[in-house]
Each structure stands twice: as C-alpha cells, then as structure tokens.
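Numbering (our numbering), first residue to last: 23 to 842. Yeah, the Cβ is synthetic: ideal placement off N, Cα and C, and Gly gets one too. Take a look at the structure below.
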C-alpha cells in the first residue's frame, strides 16, 4: 500500500496539482512493475532476493516479486496449481508467471507465508510438526507451509485457517472472521447538514432533522418564516434589514418596514432613476436674498454675500467702495449697491479703465487770430501776438512789408528789412514819378487805358501810383488781388455764430451754416443743437451699461468684467490677478465672478473662501474605511495595520506578513506555519524506531525486516502535520483538505474509512467522501471566533474485518482575531 498525494482547496493551481498527482500515481505504478520484473528475473537466475543494491522506494516490490517467483517455480516442481487466491495482485502475477513458464533454480531462498527466514545467509527449515497448522501442512522444497481446505483461508498468523465468508453489501467481517457485522455508514456523514443519519443493518437512511414547516439553520430547527422575517426561537419576528451594511447606498437612509425595508434619499437629494442625486437648490430663485448668491453643496446649499457686500450680524450690507477712492484723476466715484461706478468729468473721455483728458485744441475751437492752449478738462483761446514789424498770418508771424505804404520820400528808395524798412536816397525818381524840369513829379498812370484789369474799374491817379476803384463786393465776399470778389470763409476767420461745442461751422458761398455735431440734434423749439441720449435708444450701444455724455456716450461693465474697446465687455479672470480672489486653496474662474474650491481632504466653509479639514475617520463609508485603524491628518488620513501585517493601498487594506517565507524563525527540526499576524512552530517527532522522518511534517513507516514482528504489527503507515491560517468570519468551506489513499497487494479491494478522532467538539468540521479512498475535510461553519483548532484526521484501510493500515494527519487551523 502507498499513500497518494494530498491537495488543498484555495490552492492557486488546483488543476495542475491534480494532474501532477495522477502523473505521480502512474509513475509509481510503472516503477512497481519495473522492480517487480527485476525481482522475477533475479529469481529465475537463482539470485538473492535481499535487494541490498536498491536504494530507492521500489525495494519492497523487488523483494516481493522475487520471493513469489521462487514460490511459483517451487509449485511447478511439486506439480501444484499455478493459481493462489490468497496472494496479493503483484505476488499472484509473479507466482503464476514463474509457475507456468519457469523452471525452478536449484538454489535460491524464497519467502513463504507463515515462515520467516533470514534474508541473507543460510536458512533453518521448519517441519510440519513444529509449524502447528490448524488444518494441513505441505513441505515445498524443504519448507513447511500451512494449507487450508476449500471454503477456508489462511489467517494472518500463517497457521490458522478461518472460514472464507463473503459478507453482503453493507456488512463487514467481524474480528472473529466467522460472521458478518453491520457497517455504520453514518460515521462517514453521508447526509446533508439538515438531515439526520439513521443506521440500519446493511444500509442507512437520511431523515430530516426538523418537522414540517421548520428548516435546519445555524445548527438548530427554525420555523420557516416569510421573506423579511426571522425566527427568534419562539416566533417569527420582523427582520431589521437596515442592520445590513449593504442595504442602501451611501447617500440613502434605510427605513425598516414590516417584512421589508425601503431606501429614502437624505434631505438635499431626490430619487432619479432609482438613485439619489444631489438637488441643486440654487435653481430656485427664492433660496437667497437679492444681495446674496446661492452656492450649491452636496445635499444642501449656502447663501454667500455678493461681491461688494459684507456679512454684518448675519445680513449682507453694502460696502461703500468710494471710501477707498478707486477712481483715478478725471473721474468721479458713484457708490452703487454691491459695487461702484467711475464717471468721467466734462473734458475727459474713457480710455480703457481710465479717464483721459480731451485735447480740445485738436477740434479748432479758437479763431484764426487766437491760439488754443489745452488744460486738464478744458482749454483756453489766447490772442496771437507778434513782434513789432510782424503780423500773424495763417499759423505764424510773417514780416510786414512797410515799403508797401511808401514811407520814404520821392527821392528815396524804400528797402524792406525783417521787422523794419530803410529809406535810401537816390538821384533817379521813384517809381510812379517822372523827372520834370529837374524835379520829380507824379506820373499819371491812368493815361494808360489798360492799366486796370477787367471788370473795368475807374482809374484814379494817386501820388506815385494809381488806384483802380471797383464796385463793392457783395456781403460775404472780399476783393482779391486779381481784382475779383472772393468768398470769405467765416468758419476760419471766426466770423460765424455757431456754438462750436455742439455745432460745426460749414462755409457756404458768401455765408456759412451751423450743423449739429455727431451726438447732437436740432430742436425746432429753439433751433439749437441738443445732446442725443444714446442710452435711451433702441439700439444696443453697450454690452452691459450705457452712460450718456454731452454729444456722445460711454460704456461700463458689470463687476467682474472689463471694457474692451468702447462697447464690449469681457470677463475678468480674478484667479490670475494678484489679490483678485480670496480663495484659501484653489480658485475657479466663472463669468463675472469666481468660485473657491478646496484641496482633496478639505471642505469649503460657509463663507465660500476658507477650507476646513475633513475628518475622514468619522465617515468611513463616504471616504473609504481603513482595514484596522484610522488616524486623521490635515487634508488626509492614515491607515495603520496591526503587528504582523503590512499595509496595501495606503493602509486601506492589511495583508498578512508571511514570516515563514521571509526567514525561518523556527529551529531546523521544526515546521513554520504562517498565521494571520504571526506564525507557529510545529516540532514533530516520529513515534518509534519504525518510522523515517521524510520532512519536518511527515513520518512514514520504514520497510520492516522479516523478523521485526513489532514493526509489521505497526498499523500506522504515515503521520503528517498540516497547518493553515484564516481570518475571522471566514465563510463555510474556506478550509479544505484533500486526502487520497491507494491500495495494492490485496486479493479483494479493502474498504477505506476516514474519521475525525479529536478536535471536532462543536462539529465545526466535516468529512466529505469523493469516491473510493478519496475524501476532503471542510469547515461546515463560519469561523466566527478567534481560536486554534487541532484535529486528528485518520484514514483507515480495513480488510478482513480488521484495520490493516492507518494514515494519520494532524490538522492545525488558526483563526485570527481580525477579519482580514
């Protein structure tokens, strides 16, 4: 017999393990055949069956087939039958093969049942008189052998013949070997946990543990209650489903009802599609006052004062922004509810966000003989003054030609100089004079008929010259040098009556007209140009606000916006401006304003600016619970694990430290079993000298020599130790231990029984049969309390109504005080 491999549930590669187990079984079978063949060949050659040269586990198969081959050859020589139903399968095959086909070798030392001979050296044959067989005796090649009649079989002592009785199904041979006894199938727990096993002779019956209308639950009979009710030992009472952690979602509250429960949304949430979603209370216009802004929060809302207001005694009071003189030069501040306005004074105009002085001198408000001087908000016209000998012409002072007024005498020549003139005496007569009798007299130019240009004027002689007299030019005209009447530009000479602030002068032929400037219109009542209020027009001149000015208008923007150009308003990103926002952590720009957001682990206070720390440890369902211990910190929290565990995912989970794999904390003769949060050392010893310690957790019975009767009497074939660790509340079936026993060498297949001899006081564990020689141990109850289980699991091979082999496993199961 040999023991197969063992398995365990929860093994990460169970299919591969099963495959390897069957591969090993096949390998063992083939090894058995090979060594059996070698033993037969050695017997046919007349060699010894000691097998001392074999150092592997096949030594026993070698020796068995060698001896059985010798017996077969001896039977052939004695002309006996070549079949023997009392031999095991390998031995019977070797016996029959050598009996049929092989001649017995003259030498050799066979081993015959009932007779113990030395494996090495000469043997001392026994006679039938000393063997004391119960029925008959035969001597085969000098060796006495007990033989039984038909209907009997040779007992284990090799001398006594017992009745060969075949027991029906459900019965087994008792130790006396002469009668059958009932097999108690209930010892193998063949029924379900809710059934009770009743043993009958040759059979068994599974009967319900509970009467009708009752069910077997939690190790007792409970009345079958309707859904939503539980049995309290006396009656069915309502089950409070709200005690379950997974009844409702985190944003729902559980309300227990009779026979059921419901999930209601918390205040500030509403049910949409079966889920509770946050209600945006700010969608209702009456949530906050007119000088407040509504800020929606998760499950609620708050009312913050608008910009330009401050909280005084719970009310939002307007701040007088003009106290800090926010407007620059040329502007006047006007306080408004929640803000202020800067209006430009007369003589100033809007340029971006500032008021700049208007240069009126660019608009020609002064006359030609005046000079314009610009001043902040106004201008001044001053009379133009030139030095003596100069006069103003156009835009500058030009020299006066005094010679045109003939300031010199007739015998002098006038020479014009810058700012003055000079008279130089000459002998010749001046122009316009002629010498007559030694003297210069006036020359009459009018004698020349073509001297005056058309239209023909009247020529009048003057001293030294002449004058062409024309008819007076019409009003609004003046005589030019070409003698023609030319229009007088009243608009440039200042000879007009237009109000230059509201009107502009337009010259016409012989006169002028006054036209209203842009931004003005003429009223019929007084025929004056009056300012047009563009802000009342149906046309949208400004994006936000319009302010009328004389002859024009200016645009202003609401708070949070800035003027771009003359009319457009663009949002101000307060988050990018120095001191633009008061947010403690993060600023989010919005149209015309901004919002404050807190870093992770903080929540916004009611003032909408400052952030306060969130105590994640007080709300584990919302922020994620720690597996063991939670410690709050500013903006975060820290999870810790107990000794013997390492933290995963920032401590959200705790993983057991396998001390046995990191180092060997136990002695070399001990086995280390990792537990949840620690380890245990198993120091095992083999019970006597018949066992070999294969490892720190296994002892197997060694091969017994022919004369070691105590060794052959040892029924324990293998002793093992196995340890496992589990967290608290491990579910049913978390522990699984597989065991497989295979048998060889039996004429009839023996029965195999598995039992829990010790440690299962409360029925926590049970054995499940998986077929012949296969079983597994599982926990049939939840590991609901920390403790250490020590089970003695025994597999027994029963043949001929007696136990022929035992396989013992000590199961050490450790349940932690933590559920991770």
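Cβ atoms of residue 370 and residue 382: under 9 Å apart, would you say?
In the chain shown, counting from the first residue as 1, residue 382 sits at position 360. In the chain shown, counting from the first residue as 1, residue 370 sits at position 348. Contact: no.
Roughly how many angstroms lie between the CA atoms of residue 139 and residue 82, to the nearest whole one?
As a working mapping, residue 139 is identified with position 117 in the chain shown. As a working mapping, residue 82 is identified with position 60 in the chain shown. Note that residue 139 scores a pLDDT of 32, beneath 50, so its modelled location is shaky; the value from the coordinates is reported in the next line. Straight-line Cα distance between these residues: approximately 16 Å.
Do residue 745 and residue 699 have their CB atoms nearer than 9 Å?
The sequence position of residue 745 within the chain shown is 723, counting from 1. The sequence position of residue 699 within the chain shown is 677, counting from 1. Result no, Cβ atoms of residue 745 and residue 699 do not sit closer than 9 Å.
Buried or exposed for residue 328, please, with buried defined as at least 16 other CB atoms from any protein chain shown within 10 angstroms of its CB.
Counted from its first residue, the chain shown places residue 328 at position 306. With 16 or more other Cβ atoms within 10 Å, it is buried.
To which residues of the same chain is residue 71 closer than 6 Å at the C-beta, ignoring the five residues directly before and after it?
Numbered from its first residue, the chain shown carries residue 71 at position 49. If we look at residue 71 and ignore the five residues flanking it on each side, its Cβ neighbours are 85, 88, 89.
Residue 334 bridges to which residues according to DSSP?
As a position in the chain shown, residue 334 is number 312, starting the count at 1. In DSSP, residue 334 forms a bridge with 337.
Under the three-state reduction of DSSP, which class applies to residue 104: helix, strand or coil?
Within the chain shown, the letter at position 82 stands for residue 104. Coil.
Can you name, in chain order, every residue of its own chain whose Cβ lies under 8 Å from the Cβ of residue 542, other than the five neighbours on each side?
Within the chain shown, residue 542 is the residue found at index 520, counting from 1. 524, 525, 551, 552, 553, 554, 573.
Here's the rule: buried if 16 or more other CB atoms are within 10 angstroms of the residue's CB, otherwise exposed. What is residue 819?
Indexing the chain shown from 1 puts residue 819 at position 797. Its Cβ being crowded by 16 or more others within 10 Å, residue 819 is buried.
Can at least three beta-carbon pairs, one atom from the region 688-706 and one from the region 740-755, be found at a separation below 8 Å?
yes
Skipping 5 residues on each side, what residues in its chain have a beta carbon closer than 6 Å to that of residue 726?
Against the chain shown, residue 726 aligns to sequence position 704. The residues are 733, 734.
Could you give the first and the last residue of the continuous alpha helix (DSSP H) run that contains residue 683?
Against the chain shown, residue 683 aligns to sequence position 661. 681-684 is the span of the alpha helix (DSSP H), which, as asked, contains residue 683.
Among 455, 500, 506, 487, whose alpha-carbon lies nearest the alpha-carbon of residue 479?
Indexing the chain shown from 1 puts residue 479 at position 457. If we check each option's Cα against that of residue 479, 506 comes out closest.
Name, in chain order, the residues that DSSP records as bridge partners for residue 195.
Start at 1 with the first residue of the chain shown, and residue 195 comes out as number 173. Answer is 202.
Between which two residues does the beta strand (DSSP E) containing residue 818 stretch?
Translated into the one-based positions of the chain shown, residue 818 becomes position 796. That run of the beta strand (DSSP E) goes 809-821.
Reference residue 783, options 775, 797, 811, closest by Cα:
Within the chain shown, the letter at position 761 stands for residue 783. Answer by Cα proximity: 811.
What do you get for residue 473, buried or exposed, if any count of 16 or more other CB atoms within 10 angstroms of its CB means buried?
Translated into the one-based positions of the chain shown, residue 473 becomes position 451. That one is exposed.
Is it the case that the CB of residue 252 approaches a heavy atom of the ligand NAD more closely than 8 Å?
Absent from the structure shown: the ligand NAD. Ligands present: none.
Residue environment, residue 834, which counts as buried when at least 16 other CB atoms sit within 10 Å:
Taking the first residue of the chain shown as 1, we reach residue 834 at position 812. Classification for residue 834: buried.
Going by C-alpha distance, which of 678, 635, 631 is nearest residue 650?
Here residue 650 is taken as the residue at index 628 of the chain shown, counted from 1. The shortest C-alpha separation from residue 650 is found at 678.
Within 9 Å, strictly: CB atoms of residue 705 and residue 721
To locate residue 705, count along the chain shown from 1; it is residue 683. To locate residue 721, count along the chain shown from 1; it is residue 699. No, they are not a contact pair.
Can you tell me which of the three DSSP states residue 83 falls into?
Counted from its first residue, the chain shown places residue 83 at position 61. In the structure shown, residue 83 sits in a helix (DSSP, three-state: H, G or I).
Residues bridged to residue 159 (per DSSP)
In the chain shown, the residue the question calls residue 159 occupies position 137. In the DSSP output, where bridge partners are listed per residue, residue 159 has 168.
So residue 8 and residue 247 are in contact, right, with Cβ under 8 Å, and what is the actual spacing, rounded?
With the chain running from 23 to 842 in the structure shown, residue 8 is simply not present.
Mapping DSSP to helix, strand and coil, what is residue 624?
Position 602 of the chain shown, counted from the first residue, corresponds to residue 624. If DSSP states are grouped into helix, strand and coil, residue 624 belongs with the strands.
Is the Cβ-Cβ distance between residue 21 and residue 264 less than 9 Å?
The chain is shown from 23 up to 842; residue 21 falls before or after that span and cannot be answered.
Could you give the DSSP three-state label for residue 410: helix, strand or coil?
Residue numbering aside, residue 410 sits at position 388 when the chain shown is read from its first letter. Coil, per DSSP.
Using the beta-carbon count (16 or more within 10 Å), is residue 817 buried or exposed?
To locate residue 817, count along the chain shown from 1; it is residue 795. Residue 817 comes out buried.
As a quick exercise: from 487, 502, 488, pick the residue whose alpha carbon is nearest that of residue 494.
Numbered from 1 along the chain shown, position 472 holds the residue referred to as residue 494. Of the candidates 487, 502, 488, the one whose C-alpha sits nearest the C-alpha of residue 494 is 502.
What residue from 652, 761, 311, 293 has the CA that sits closest to residue 741's CA?
Locating residue 741 in the chain shown gives position 719, where the first residue counts as 1. Taking only the C-alpha atoms, the option nearest residue 741 is 761.
Rounded to whole angstroms, how far is the Cβ of residue 638 from the Cβ of residue 659, which I believe are closer than 8 Å?
The sequence position of residue 638 within the chain shown is 616, counting from 1. The sequence position of residue 659 within the chain shown is 637, counting from 1. Going by Cβ atoms, the distance from residue 638 to residue 659 rounds to 4 Å, so yes, they are a contact pair.
Taking 9 Å as the cut-off, decide whether the C-beta atoms of residue 538 and residue 546 are in contact.
The sequence position of residue 538 within the chain shown is 516, counting from 1. The sequence position of residue 546 within the chain shown is 524, counting from 1. The answer is no: Cβ separation not under 9 Å.
Please state the DSSP three-state secondary structure of residue 825.
Numbered from 1 along the chain shown, position 803 holds the residue referred to as residue 825. Three-state result, residue 825: strand.
May I have the straight-line CA-CA distance separating residue 490 from residue 457, to the nearest angstrom?
As a working mapping, residue 490 is identified with position 468 in the chain shown. As a working mapping, residue 457 is identified with position 435 in the chain shown. C-alpha separation (whole angstroms): 24 Å.
Pairwise C-alpha distance: residue 674 and residue 664:
Counted from its first residue, the chain shown places residue 664 at position 642. Counted from its first residue, the chain shown places residue 674 at position 652. Each residue's alpha carbon lies about 13 Å from the other.
Quick one: grab the DSSP three-state call for residue 841.
Within the chain shown, the letter at position 819 stands for residue 841. It is coil, neither helix nor strand.
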